[in-house]
Structures are given as structure tokens and as C-alpha cells.
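J.: This is the structure I have questions about; it appears just below.
Number of protein chains: 2
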Amino acid sequence: MKTVQTINELQDFLYSNKGKTIGLVPTMGYLHEGHLALLNKARVENDIVVSSIFVNPAQFGPNEDLDRYPRDIEHDTELATKAGVDVLFVPSVSEMYPFESGISIHAGELSTKLCGESRPGHFDGVLKVITKLFHLVQPTKAYFGQKDAQQLAIIETFVQGYNFPVQIVRVPTVREADGLAKSSRNVFLSEKERVEAIHLYKALTIATETWIETKNIQDALAKGKAHIEQNTSGRIDYMQALSYPNLQTDLNNVEQVLFASAVFFENARLIDNIIVEVKDV
Amino acid sequence: MKTVQTINELQDFLYSNKGKTIGLVPTMGYLHEGHLALLNKARVENDIVVSSIFVNPAQFGPNEDLDRYPRDIEHDTELATKAGVDVLFVPSVSEMYPFESGISIHAGELSTKLCGESRPGHFDGVLKVITKLFHLVQPTKAYFGQKDAQQLAIIETFVQGYNFPVQIVRVPTVREADGLAKSSRNVFLSEKERVEAIHLYKALTIATETWIETKNIQDALAKGKAHIEQNTSGRIDYMQALSYPNLQTDLNNVEQVLFASAVFFENARLIDNIIVEVKDV
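Protein sequence lines correspond, in order, to chains A and B. First residue of the first sequence: 1159, per the working numbering; consecutive thereafter. First residue of the second sequence: 1159, per the working numbering; consecutive thereafter.
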């Protein structure tokens, strides 16, 4: 595996592999099995796998955890090598943002829901870096985890609306044995919180199953919320059911319903979700 | 020459020409010699020339001339064929904008100057359609006329800031024998205005020459404005000198200075400009 820090090196590598299919896995590093699932899928489906590690300042708010976002480039390099990545792009902030153009991308209405409500500007920053990575790498396919369902919905909509020549691949959430979704932020949980954290997924399961059974969305969400309140010390940011990928509260005649929740623990805000295929229920 | 109305047909054509260099000339149609200069340059520099004709609603304000923007697809087809265009893309509005993603691009500070001041949202709409065209065609080079200098500055900045894999080529303004810049909107001038209109370029020439001689920018612009006021019935929208391409009023240590002006006539707003290479003066 080749690790490159500059756009020039990245593009030299890509130029020497012209004509091959490219799978892109953009990450913020501190790789875990969730990322490995993306890399593995990319490895199977493409000639070349490009992964990026870039803790993107543009997607962190002023009071968020940019500075303490966990980093371990040595371990990441090892994991990426094992996963069969061909080139790992690890740019500096000044390499990605050498100047401020003053031209911005606004994620709009889709970004006002769910996580967007407590993270204003977050998805604008995601779209900024994703646009740059898509243009730099020109991937055939790009891989995103379902765990960040709102991000996935916004990127899918962006790609469709602006005709990016890339196919977005949704990869299922990878979980610990007890059900907790893998996340770089899990390291910030205390021992007690780590035990409680499994109830985020349990609550989503309860809400989903209640809805499938009764089709009563209020009751389903109330049961899910109650489960978190009764079993954790966390504070619920939201638990909602929205159509996917257009994130509307009207669930009539929709094909997919997203049950999503975010919970604040002492030093970490965890998110998780379940997407229900309506035709299956 | 092949004319296509749909994205599918366009992409079929491009797929069958994979590996070739592509020159893109985006237009709003009603082609004149200014467009032909772009097409000719694209023809010389690329294997394949793609041109688009799309009167983009997103770049017209509510009180602007979208509905009466001149159209003549038959004549355009003839001219494009003669110019050696390989494929002419003439999409409908619903083909280009089948749904509203809610995700928007904002041209920001660069768009608040010059024409942007009287055309709020105009350059956002330009960036929207250009992003889509760049993604659909994936051109090696894209050609824009210097006549729309602010548009060119914004697109150059956008491409650089967001790493679009395309080279932007600036093509000099084509003029009538008497100096008037070619424009689709010139047809809206009355006979009297058509005679007066040559003074827009004359005034810019006076301003430029005064500045080169005296380096007094206030005096240069005043002389230019006075020339328009004394020789036309038009109303000056602006006459300004800004650094190019970052469009700042501070002209110290800049490489290029843009002298630009816009004048309202009865039924047409005309623009023109001169870019001075500072090292040459």
C-alpha cells in the first residue's frame, strides 16, 4: 500500500492506473470494523481501492470535538494495508483547503433534520470535502456506512441532483457482539456508559418492531425513548422516524422508513438507526 | 453532428468515445461569433467537442429576461455543425432539473461585485448548471468567453477551490468591426442605441489608457463614465476596476486588472471589459 500526503502524489498514482475501476472509502481515520466493512466491499468490487483519512475541520462546529477526535495513523495504516487498500490519502488541512474560495455548498432542508438540528453547518462541511474527494479521485463507486444514515441520504441526493459520475454504495452498520454500533467515538464512553450504550440499538429495535406491529408511530417512538430513559444515563437528542432518503415525517406511501436516534453521554454523542423496507413488513 | 436532448443519449455518445479528450462549450444558444471563437478553439484543442444549449432558468432573476431570451435552435444547429461540434446537448428544463434537491451552491463574495450586485442569485445559478454539465460531460477543457469576466473569475475560482478535473480556457472577446462586443442581447438594441453602444468599449479603452498613463484609478474611471454619459442614452450600472480573478478593489501588487462596465439601454443591459496584464504596462 502506498500512503500519500499530497494531491500531486495521489493523482500521479491514479494516472498510472488509468482506465481501472476505482472504489473510494473516505474516512476520518481511527479505523474500526465499520470502516473495514467498507474497505472489504470496495476491495471486492473495484480494481483499485483508494481510502482517505482526513479529519475535516469544515464539518465540526466550534464547540465540537475536532481537537480531541481520536487519531492513530500507524494502526490505521496497518488496517488499511491488511484490507487491501492500494493508496491511502492522508492530506493536511492546508493541502485540502489551501485557500478560501468564498464559494460554499449548502445541504439545505435535508440537513435541518436529525443530527443537523444540533450540528448546524455539519453537512455543508461534509459536502465540501466529499465534492473535493470525488473530483480528486474520480471514483467509480464510493462507500458509506448506513450508520451515518442522514449523511448517506444527503450524499445520495447530492450525487443525484448534481449528476456526480459516481455510484454511492450503502454498507450496513457493523456492530459489537452486544449490538452497539461500531464508532470511533465509542472510546469516549466510560465503562458504565459502554454497558448502557447497547440500549440505543435496543430502543431502536423496540420502536421498529412496535411500528411494524401497530403502525402507530407515536407509540413506537414513545416506547423507544422510554427504553433509553429507563436504561441509560444519557440524554436523548432525538429519536425520530422519517422517510428515507428524503427525510420527511409523512410516512404514507414511502418505500423505506428510517428510525434514527442520537444520545448524549458524558463525553460522546452516539447515533444509530434502522432502515425498514416497507414492502417487507 | 449529433443533437441529443437527454442525458442518457449524451452519455451513450460519450461512452462510445471513451478515452478521447473532450472540449466543452456551454452556451445559452442564439450563437454568434463569440461562441464560434469558443467552438473553434475547442475544435483545435480536443478530440471531441461537446456544446450545450440551455437557457438556464436558475441564473435568471424573477424580473429578468428569461422568457424573451432570444432562441433560434435551427440556426444554432447549422452554426454548430459548421464549427465541427460532435454532439450538441439541448436538454429541456425538466431533463436538467428533474427534482429540487434542496442542496445549493453559493457563489459568495465574488458574486457580490459588478454584475452580481444587480443580479442577486445569478452566479449561484451559473454554478449550479456548470457543476451539472461538468459532471455529465467530464470535459478535459471547458471554454468561456472573457466577455463574461466575472463569470469566468467565479468559475476559475470554483474549479480551483473544489478540484474539478477540468481546465478552464479563457477566450478573448469577439467584437463587431466598430468594437461592440458580440452578444446575444445586442438584438434588443434600437438602431440609435446600436450606434451608441460602441461607446461602452470606447469608454473602457479610455479608462484603461488613462490608468496606464497616470495610475490614477479615480480619474480613469471618471473619464470612462463621462464618455458613456456624453455619448449614449444608456444608464451606467457600474464601471469599476478590480483585481482579476479575485475581484478586489485593492490594486497593489496584482497581476491583472479588470476594467468592467455594464450599461442599461431601453431593452438590453450590455456588459464589456478589458483585462490589463500589469507586467506589460
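Every residue gets a Cβ at the ideal spot worked out from N, C-alpha and C, and that includes glycine.
Quick one: give me the first and last residue of the alpha helix (DSSP H) that residue 1420(A) is part of.
T.: Careful: residue 1420(A) lies outside any alpha helix (DSSP H), inside the beta strand (DSSP E) at 1414-1422.
J.: Find the nearest neighbour of residue 1363(B) within the set 1439(B), 1431(B), 1190(B), 1214(B), judged by alpha-carbon distance.
T.: 1431(B)
J.: Which partner residues does residue 1401(B) have in the DSSP bridge list?
T.: 1415(B)
J.: Could you check whether the Cβ of residue 1267(B) sits closer than 8 Å to any Cβ belonging to chain A?
T.: yes
J.: Can you list, in chain order, the residues of its chain with a C-beta nearer than 6 Å to that of residue 1201(B)? Leave out the 5 residues immediately preceding and following it.
T.: In the same chain as residue 1201(B), and ignoring 5 residues on each side of it, the C-beta atoms closer than 6 Å to its own belong to 1207, 1242, in chain order.
J.: Compute the Euclidean distance between the alpha carbons of residue 1337(A) and residue 1286(B), then round it to the nearest angstrom.
T.: 42 Å
J.: Going by DSSP, what residues sit across from residue 1302(B) in a beta bridge?
T.: 1328(B)
J.: Taking the Cβ atom as the reference point for each residue, do residue 1346(A) and residue 1425(A) lie within a distance shorter than 8 Å?
T.: In contact: residue 1346(A) and residue 1425(A) (Cβ atoms closer than 8 Å).
J.: Applying the 10 Å Cβ sphere with the 16-neighbour rule, what's the burial state of residue 1384(B)?
T.: exposed
J.: For chain A, is any of its Cβ atoms less than 8 Å away from the one on residue 1274(B)?
T.: no
J.: Ignore the nearest five residues each way along the sequence and tell me which others in residue 1358(A)'s own chain have a CB closer than 7 Å to its CB.
T.: 1386, 1419, 1421, 1428, 1430
J.: Distance check for residue 1330(A) and residue 1263(A), CA to CA, integer angstroms please.
T.: 27 Å
J.: Just to confirm the assignment, what range does the beta strand (DSSP E) spanning residue 1430(B) have?
T.: 1427-1435
J.: Would you say residue 1262(A) lies against chain B (beta-carbon separation less than 8 Å)?
T.: Cβ-Cβ to chain B under 8 Å: yes for residue 1262(A).
J.: In terms of residues, what are the limits of the alpha helix (DSSP H) holding residue 1363(B)?
T.: 1356-1372
J.: Please name the residues in the region 1292-1305 of chain B whose beta-carbon is closer than 8 Å to at least one beta-carbon of chain A, in chain order.
T.: 1293, 1294, 1296
J.: Answer yes or no: the CB of residue 1293(B) versus the heavy atoms of the ligand GTP, is any distance below 7 Å?
T.: The ligand GTP is absent from the structure shown, which contains no ligands of any kind.
J.: Using beta-carbon positions only, say whether residue 1184(A) and residue 1315(A) come within less than 8 Å of one another.
T.: No, the Cβ-Cβ distance between residue 1184(A) and residue 1315(A) is not below 8 Å.
J.: Give me the chain A residues within the contact set of residue 1323(B), using Cβ-Cβ distance strictly less than 7 Å, ordered along the chain.
T.: 1293, 1296
J.: Would you kindly work out how many angstroms separate the C-alpha atoms of residue 1308(B) and residue 1401(B), rounded to a whole number?
T.: C-alpha separation (whole angstroms): 11 Å.
J.: Out of 1278(A), 1214(A), 1267(A), 1279(A), which has the shortest C-alpha to C-alpha gap to residue 1248(A)?
T.: 1214(A)
J.: Contact check, residue 1268(B) vs residue 1312(B) under 8 Å by CB: the rounded distance?
T.: 5 Å
J.: Is there a Cβ from chain B that is less than 8 Å from the Cβ of residue 1320(A)?
T.: yes
J.: Can the beta-carbon of residue 1381(A) be found less than 8 Å from the beta-carbon of residue 1321(B)?
T.: no
J.: State the beta-bridge partners of residue 1264(A) as determined by DSSP.
T.: Residue 1264(A) pairs with 1262(B).
J.: What's the C-alpha gap between residue 1244(A) and residue 1399(B)?
T.: 49 Å
J.: Using the beta-carbon count (16 or more within 10 Å), is residue 1258(A) buried or exposed?
T.: Exposed.
J.: Report the residue from 1240(B), 1408(B), 1211(B), 1216(B) whose alpha carbon sits nearest the alpha carbon of residue 1228(B).
T.: 1211(B)
J.: With DSSP run on the structure shown, which of helix, strand or coil describes residue 1241(B)?
T.: coil
J.: With a Cβ-Cβ cutoff of 8 Å, do residue 1340(B) and residue 1204(B) count as a contact?
T.: No.
J.: By alpha-carbon positions, which one of 1379(A), 1235(A), 1323(A), 1302(A) ends up nearest to residue 1166(B)?
T.: 1323(A)
J.: For residue 1439(A), which of helix, strand or coil comes out of DSSP?
T.: coil
J.: In whole angstroms, what separates the C-alpha of residue 1277(A) from that of residue 1190(B)?
T.: 49 Å
J.: Assign residue 1349(A) to buried or exposed, taking buried as 16 or more other Cβ atoms, counted over all protein chains shown, within 10 Å of its Cβ.
T.: So residue 1349(A) ends up on the exposed side.
J.: Can you pull the chain A residues whose beta carbon is under 7 Å from the beta carbon of residue 1315(B), in chain order?
T.: 1259, 1261
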